[in-house]
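Below: one structure, written as structure tokens.
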Amino acid sequence: MSYRLLGPALDDLDAIDSWVASNFGEAAATRVRRKLSETFALLATFQKMGVERPDVTGRSVRFFASPPNWIVYEPGSPLLIHHVYPAALDIEIIKL
15 MSYRLLGPAL
25 DDLDAIDSWV
35 ASNFGEAAAT
45 RVRRKLSETF
55 ALLATFQKMG
65 VERPDVTGRS
75 VRFFASPPNW
85 IVYEPGSPLL
95 IHHVYPAALD
105 IEIIKL
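For the sequence shown, my numbering assigns the number 15 to the initial residue and increments by one for each residue that follows.
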């Protein structure tokens, strides 16, 4: 199975990468990118791992905790990654 990062997810990853690199260094940013890529591949294989959140959206997306982030994705072939955002962020501001 494969996955595809949508524009908002790419923006999220750029922001995460910049923040981690500036606060913890490039080596840490590389580790975070690798962990997220591995998680995306895992979700593409096991697409029901996340939870549905009908209280947040009526769309057919799932939310998967990958601390300290949430990954918002849509099952399918390919799996679509909509967002990767900090778990501390108010979920109400996420636009899907």
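Even for Gly, the Cβ is constructed at its ideal location relative to N, Cα and C.
In chain order, what residues of the same chain lie with their CB nearer than 6 Å to the CB of residue i, ignoring the 5 residues before and after it?
i: V34; result: A42, A43 and V46
Quick one: measure Cβ to Cβ for residue i and residue j, integer angstroms, because I've assumed they're closer than 8 Å.
i: F77; j: V65; result: 6 Å
i: R18; j: P92; result: 5 Å
i: I85; j: I95; result: 7 Å
i: A58; j: S16; result: 6 Å
Output the distance between the C-alpha atoms of residue i and residue j, rounded to the nearest integer angstrom.
i: G90; j: H97; result: 16 Å
i: V75; j: A102; result: 20 Å
i: A29; j: N37; result: 12 Å
i: F60; j: E40; result: 30 Å
i: S51; j: Y87; result: 13 Å
Starting from residue i, trace the beta strand (DSSP E) both ways and give me its first and last residue.
i: A79; result: R76 to S80
i: L20; result: Neither: L20 is in no beta strand (DSSP E) and is coded neither H nor E.
For residue i, which residues of its own chain have a beta-carbon under 8 Å away from its beta-carbon, when the five flanking residues on both sides are left out?
i: K62; result: R76 and P89
i: D69; result: none
Note down, in chain order, each residue of its chain lying with its Cβ closer than 7 Å to the Cβ of residue i, except the 5 sequence neighbours on either side.
i: R67; result: F77
i: Y99; result: D26, N83, W84 and I108
i: A23; result: I95, H96, H97 and V98
i: L20; result: L94, I95 and H96
Along the chain, which unbroken stretches of the alpha helix (DSSP H) at least 4 residues long are found entirely within the stretch 31-107?
Whole alpha helix (DSSP H) segments, 4+ residues: 40-59.
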